[in-house]
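A.B. asks: For reference, the structure I am asking about is given below.
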Amino acid sequence: MRRGVESVAFALWQRNRIGLWIVLGYWAAFSASLGLFGRRASAEALAIGILFVLLSYLFLVAVFIHQDSDVAAARSSYPSYMFTLPVKTSRLVLVPMILGTVIVFAFCFVLAASARHSGANIPLFWPAALATTFIAALQAIFWFPWGVPYAKLVLTMAVIALLSTGTGVALNASVPEWAICSALSAIAGASYMTAYLGVARARRGENRDIVSIRESARVRRPVKAKAAFRSATQAQVWYELRQHGILLPAIAAILCGLFYIPTVWDTTISPIYGLGPDAEGKVPLISTYVMAYYPALLMLLPCAAWVIGCGLKRSDVKRGDRTFQLFYGTRPMSDADLVGAKLKATAISTLCAWAIVLVFSLPILNMRGGSMNIRTNMFLSQDDRIHSVLAPFLDRQVLLLGFSAVLLLALMTWRNYAIGFWTELSGKLWLRYAYPIAFGIGYALIVVWGTQRSPDGGHSTATMFETIFIGIWIALLAKLAISVWLVVKEKRTGLLRPSALAWSGAFFVTGAAVFVATLLLLSQSLRQSMVSAQIGSPLVVDSTAIALFLLWTPLTRILAAPLMLSINRHRSR
Amino acid sequence: MNDAVIEISNLTRRFGSKKALDDVSLSVPAGIVMGLVGENGAGKTTLIKHILGLLRAQTGSVRVFGKDPVLEPESVLSQIGYLSEEGDLPLWMRVHELMRYAAGFYPTWDENYARQLLQEFNLDASAKLSRLSKGQRSRAGLLVAMAYRPKLLLLDEPSSGLDPIVRRDILGAIIRTIADDGRTVLFSSHLLTEVERVSDRIAIVKSGRILLSDSLENVMERHLRVTLVFDEPRATAPEIEGSLGWTGSGREWSTTFCGQVGHLEASAAVLGARIVDRNALSLDEIFVAQVGAA
């Protein structure tokens with residue numbers, strides 16, 4: 017019996033041992049340094065430390081979910097190879113769940129205790145209870161064979177919203193900590209039960225999903241012929257869209273649907289100071305909830321694109337050695353065309369997602385709004401529709417800024433979607449983590465350099481910014497140099513044909529110009545305030561801003577994608 | 053005249069310290085069926101992956117239709133129909149979607165032929181690939197590998213683990229491809245009876261080396277099971293060039309022999325022996341003898 021428990025724990029440990037050593041080591045070291053030097057630590061150092069704690073927590077979530085299938089899969093994600101172990105289902109479920117609960121609770125508790133030791137007023141129990149409940153809930157969600165594709169994704173979002181807002185509301189209402197912990201424990205208990213039932217069903221083979229039920233009920237019927245694809249590229253773009261392009265629009269639709277739920281009970285309205293007051297002191301009023309969370313909804317889309325683009329959907333490569341699936345690798349297309357099809361599909365997917373968000377946003381205009389006089393603090397109206405309230409304030413400048421903001425977010429979405437391709441296609445998992453770490457270290461070095469250069473140890477804002485400006489320019493030059501090297505190499509090895517290069521170049525220059533122009537328009541006041549604060553002359557500030565925006569475009573990483581695909585495509589095991 | 057569809061010269065491939073291919077040279081002329089046989093891990097799939105351009109040659113060269121498949125995947129792969137043992141088709145597609153998708157890549161796609169194969173293989177066009185059995189998936193893979201009448205059909209263990217009916221379909225596909233003039237088939241298989249039935253040439257691979265590559269007729273002709281009777285009893289097995297191993301004792305010894313019969317007769321006479329029995333071998337026996345001797 018004990019051997020069964022040990023083998024389940026060993027499978028979990030063996031699969032993630034290196035990451036676990038690093039994360040647990042980091043948590044122990046951070047807790048110790050917090051307890052010893054917490055009082056003297058700077059706010060920046062603490063912020064960086066906490067950021068890594070959050071990242072390592074996400075890693076632990078991934079470890080203890082112990083996932084063995086796609087997040088979109090309708091079946092249980094519990095590793096099916098473990099179902100044949102001579103171990104009771106309760107042990108298959110309880111071992112990873114209890115390990116997750118105990119380890120995360122212990123570390124959160126120790127972390128909070130260390131912070132309290134150094135004088136921070138941090139609650140001891142509820143953050144640890146929240147962190148462990150979240151893991152238990154996700155284990156239940158991922159291990160239960162819901163039978164509906166994407167159900168796990170929807171439920172995860174719902175659980176994140178429920179746990180975070182529920183805890184926040186309870187804290188605001190001054191609910192005692194023991195009551196919060198009890199409620200969280202009850203949710204964790206329910207999660208344990210759900211996970212057990214889910215794994216038991218999956219182990220018995222009760223994994224039927226609605227798709228298979230529909231398929232088995234379907235009678236054989238003639239298929240309506242569809243128009244043939246005109247080219248291989250068109251066929252491949254269709255493949256990419258069907259394979260990877262549906263998820264982002266689906267997420268957009270789900271997020272929009274979830275977004276409207278709280279509007280049922282939150283009927284308060286608040287002024288938008290950004291749009292007024294007008295000459296008479298009038299400002300528009302819109303739903304408080306919409307004002308606070310609509311921007312967050314819009315920001316979630318680029319974030320979701322980043323998560324998807326950087327590895328959530330990995331169906332092109334095999335799980336083991338991360339070489340391409342033979343079907344994908346044997347497409348009669350050049351390496352650059354395969355990447356091109358991916359980029360086109362992500363662009364279409366991004367457009368669809370934003371179209372969904374914009375269409376779903378229309379009902380907001382019909383929600384209750386009003387107006388008030390800010391000088392007299394008197395409500396002028398409270399039962400108008402938002403569209404009629406906003407109409408007088410929407411001049412050309414406001415519309416242009418609104419359009420620019422949406423355009424920028426759409427460009428950001430596509431960028432975030434596409435930047436991960438080069439690491440994903442390379443088949444080198446370490447690159448996915450090494451690149452952002454190297455990037456972070458590079459930025460940290462620039463800050464350290466700036467502090468060293470400053471005669472007063474980093475307190476002179478002008479010197480700091482001057483260093484950052486220089487750093488931005490050096491980084492941009494390095495990026496351009498790498499891009500030129502990639503173009504020359506890919507041209508020489510036949511990866512990029514002159515026509516493809518010309519089209520891509522024209523596309524990139526246009527895209528980058530729109531991106532830079534949009535950002536310059538939106539950052540106008542920020543740059544003016546930097547000039548007013550004598551951080552730099554208008555020329556320096558504007559040109560550095562352009563350099564920064566160009567630095568942010570995905571030029572090098574997109575250029576690297578065909579090379580990476582080529583390397584991985586011709587190394588198949 | 054150089055009409056080789058596949059030309060491999062001195063190809064060596066290492067995976068870490070393991071040599072998967074060791075100085076392999078192989079030429080596959082147009083219009084033949086070449087059977088590639090070998091044990092598991094002998095290097096057959098590695099060789100096929102080099103032909104598909106999925107592996108870059110570490111040393112030596114690979115040319116398919118005179119081109120490097122790594123540098124010109126588009127041009128090479130558009131002339132190859134490929135079916136693998138893994139059968140890793142995109143399972144989220146339906147059969148008709150797979151056909152429509154594949155048609156986009158090949159200008160020579162023959163929709164009528166595809167429809168004919170669909171009927172012959174008894175496939176439901178509206179069925180999802182994930183819901184098909186292994187054999188049906190193999191048929192679907194074979195359909196999209198054949199419907200554009202590729203110049204080269206590459207089949208990597210296509211019938212492994214399949215029932216006799218699907219194996220019959222696959223063999224039928226090979227025979228049909230041969231019927232199209234100038235088309236070439238290279239297929240690897242464990243099932244030597246299949247190889248024997250349809251191949252013009254065979255190559256036996258062992259530990260990354262080609263032990264033998266010749267026309268099937270020559271191979272069958274040159275391999276014999278021979279029994280010799282010596283004038284005097286022998287304590288050890290005799291040594292005759294071309295012998296792939298001996299069994300026996302005393303005066304009577306048997307060997308699997310590869311070479312000219314005249315040479316065997318001359319060598320036997322020198323050793324004071326005469327041939328008392330001589331039998332042709334099946335490909336199975338030849339394979340076991342060659343691999344065992346190596």
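Taken in sequence, the protein lines are chains A and B.
Using our numbering, read the first sequence as starting at 17 and increasing by one per residue.
Using our numbering, read the second sequence as starting at 53 and increasing by one per residue.
Built from N, CA and C at the ideal position, the CB exists for glycine as well.
Which parts of the stretch 262 to 296 of chain A are runs of the beta strand (DSSP E), unbroken and 3 residues or longer, counting only runs that do not cross its ends?
C.D. replies: 285 to 287, all fully within the stretch 262 to 296 of chain A.
A.B. asks: What span of residues does the beta strand (DSSP E) with residue 287 (chain B) cover, start to end?
C.D. replies: Counting along the chain, residue 287 (chain B) falls outside any beta strand (DSSP E), and DSSP gives it neither H nor E.
A.B. asks: Does the beta carbon of residue 259 (chain A) come closer than 8 Å to any beta carbon on chain B?
C.D. replies: It does: the Cβ of residue 259 (chain A) has a partner Cβ on chain B nearer than 8 Å.
A.B. asks: Please compile the residues from chain A whose C-beta is within a distance smaller than 8 Å of the C-beta of residue 138 (chain B).
C.D. replies: 342, listed in chain order.
A.B. asks: Can you have a look at residue 53 (chain B) and say buried or exposed, based on whether 16 or more other CB atoms are within 10 angstroms of its CB?
C.D. replies: Its pLDDT being 44, under 50, residue 53 (chain B) is placed unreliably by the model, and the measurement read from it follows with that caveat. By the 10 Å Cβ count, residue 53 (chain B) comes out exposed.
A.B. asks: To which residues of the same chain is residue 145 (chain A) closer than 6 Å at the C-beta, ignoring the five residues directly before and after it?
C.D. replies: Within the same chain, residue 145 (chain A) has close Cβ partners 197 and 200.
A.B. asks: Check whether the Cβ atoms of residue 146 (chain B) and residue 178 (chain B) lie closer than 8 Å to each other.
C.D. replies: Their beta carbons are under 8 Å apart, which means residue 146 (chain B) touches residue 178 (chain B) by this criterion.
A.B. asks: If you count every other CB in all the chains shown that lies within 10 Å of the CB of residue 235 (chain B), and 16 or more means buried, which is it?
C.D. replies: Residue 235 (chain B) comes out buried.
A.B. asks: Which bits of chain B does residue 242 (chain A) rub up against, with CB to CB less than 7 Å?
C.D. replies: Under the 7 Å cutoff, chain B gives 152.
A.B. asks: Between residue 126 (chain B) and chain A, is the shortest Cβ-Cβ distance under 8 Å, so that the two count as touching?
C.D. replies: It does: the Cβ of residue 126 (chain B) has a partner Cβ on chain A nearer than 8 Å.
A.B. asks: Would residue 413 (chain A) and residue 156 (chain B) qualify as a contact pair, given that the criterion is a beta-carbon distance under 8 Å?
C.D. replies: It is not a contact, given that the beta carbons lie outside the stated cut-off.
A.B. asks: Nearer than 7 Å: is that true of the beta carbon of residue 274 (chain B) relative to any heavy atom of the ligand MN?
C.D. replies: Annotation note on the ligand MN: not contained in the displayed structure, which lists no ligands.
A.B. asks: Where residue 57 (chain B) and residue 208 (chain B) are concerned, what is the direct C-alpha to C-alpha distance, given to the nearest angstrom?
C.D. replies: Between residue 57 (chain B) and residue 208 (chain B), the C-alpha separation is close to 17 Å.
A.B. asks: Using the beta-carbon of each residue, which ones in chain B are nearer than 7 Å to residue 357 (chain A)?
C.D. replies: What residue 357 (chain A) touches in chain B: nothing, since even the nearest Cβ is about 11 Å away.
A.B. asks: Alpha helix (DSSP H) containing residue 129 (chain A): first to last residue?
C.D. replies: Per DSSP, residue 129 (chain A) belongs to the alpha helix (DSSP H) from 105 to 133.
A.B. asks: Check whether chain B comes within 8 Å of residue 255 (chain A), counting only Cβ atoms and requiring the distance to be less than that.
C.D. replies: Yes, residue 255 (chain A) counts as interfacial toward chain B.
A.B. asks: I'd like the list of long-range same chain contacts for residue 289 (chain B), defined as Cβ closer than 6 Å, with 5 residues on each side in sequence excluded.
C.D. replies: Here the set comprises 298.
A.B. asks: Within 10 angstroms of the Cβ of residue 258 (chain B), are there 16 or more other Cβ atoms? Answer buried if so, exposed if not.
C.D. replies: It counts as buried.
A.B. asks: Going by Cα to Cα distance, which pick from A:394, A:335 and A:55 is closest to residue 296 (chain A)?
C.D. replies: It is A:394.
A.B. asks: Excluding the five sequence neighbours on either side, which residues of its own chain have a C-beta within less than 6 Å of the C-beta of residue 229 (chain B), listed in chain order?
C.D. replies: The residues are 205, 235 and 237.
A.B. asks: For the candidate residues A:112, A:312, A:128 and A:152, whose alpha-carbon lies nearest to that of residue 141 (chain A)?
C.D. replies: Of the candidates A:112, A:312, A:128 and A:152, the one whose C-alpha sits nearest the C-alpha of residue 141 (chain A) is A:128.
A.B. asks: Alpha carbon to alpha carbon, how far is residue 315 (chain B) from residue 273 (chain B)? Give it in angstroms, no decimals.
C.D. replies: Roughly 14 Å separates the two Cα atoms.
A.B. asks: Given this structure, state the Cα-to-Cα distance separating residue 429 (chain A) from residue 69 (chain B), to the nearest angstrom.
C.D. replies: Approximately 44 Å between the Cα atoms of the pair.
A.B. asks: Comparing C-alpha positions only, which one of A:240, A:417, A:360 and A:415 sits nearest to residue 523 (chain A)?
C.D. replies: The option with the nearest alpha carbon to residue 523 (chain A) is A:360.
A.B. asks: Whole-angstrom Cβ separation of residue 260 (chain B) and residue 74 (chain B), contact assumed at under 8 Å?
C.D. replies: Between residue 74 (chain B) and residue 260 (chain B) the Cβ distance is about 4 Å, and since that is below 8 Å, they are a contact.
A.B. asks: Just tell me which of B:98, B:117, B:93 and B:123 has its CA closest to the CA of residue 83 (chain B).
C.D. replies: Among B:98, B:117, B:93 and B:123, the Cα nearest to that of residue 83 (chain B) belongs to B:117.
A.B. asks: I'd like to know if residue 87 (chain A) contacts chain B, where contact means its C-beta is closer than 8 Å to some C-beta of that chain.
C.D. replies: Closer than 8 Å: no.
A.B. asks: Please name the residue in B:281, B:279, B:248 and B:280 whose C-alpha comes closest to that of residue 266 (chain B).
C.D. replies: The candidate whose alpha carbon is nearest that of residue 266 (chain B) is B:248.
A.B. asks: Within 10 angstroms of its Cβ, does residue 76 (chain B) collect 16 or more other Cβ (buried), or is it exposed?
C.D. replies: Residue 76 (chain B) should be labelled buried.
A.B. asks: Using a Cβ-Cβ cut-off of 8 Å, state whether residue 349 (chain A) counts as contacting chain B.
C.D. replies: It does: the Cβ of residue 349 (chain A) has a partner Cβ on chain B nearer than 8 Å.
A.B. asks: In chain A, which residues lie with their C-beta within 9 Å of the C-beta of residue 142 (chain B)?
C.D. replies: Chain A residues near residue 142 (chain B): 255, 258, 259, 331, 341, 343 and 344.
A.B. asks: Quick test of the definition: if touching needs 3 or more C-beta pairs under 8 Å, does the stretch 577 to 585 of chain A touch the stretch 186 to 203 of chain B?
C.D. replies: No, they do not touch.
A.B. asks: From which residue to which residue does the beta strand (DSSP E) around residue 328 (chain B) run?
C.D. replies: Counting along the chain, the beta strand (DSSP E) containing residue 328 (chain B) begins and ends at 325 to 332.
A.B. asks: Just to confirm before moving on: does the CB-CB distance between residue 437 (chain A) and residue 325 (chain A) stay below 8 Å?
C.D. replies: For residue 437 (chain A) and residue 325 (chain A), yes; Cβs fall inside 8 Å.
A.B. asks: In the DSSP assignment, find the alpha helix (DSSP H) that holds residue 165 (chain A) and state where it starts and stops.
C.D. replies: From DSSP, residue 165 (chain A) is part of no alpha helix (DSSP H); its letter is neither H nor E.
A.B. asks: Between residue 7 (chain A) and the rest of its own chain, which residues show a CB-CB distance below 7 Å, the 5 nearest in sequence each way excluded?
C.D. replies: No answer is possible for residue 7 (chain A): it lies beyond the span of chain A, which begins at 17 and ends at 589.
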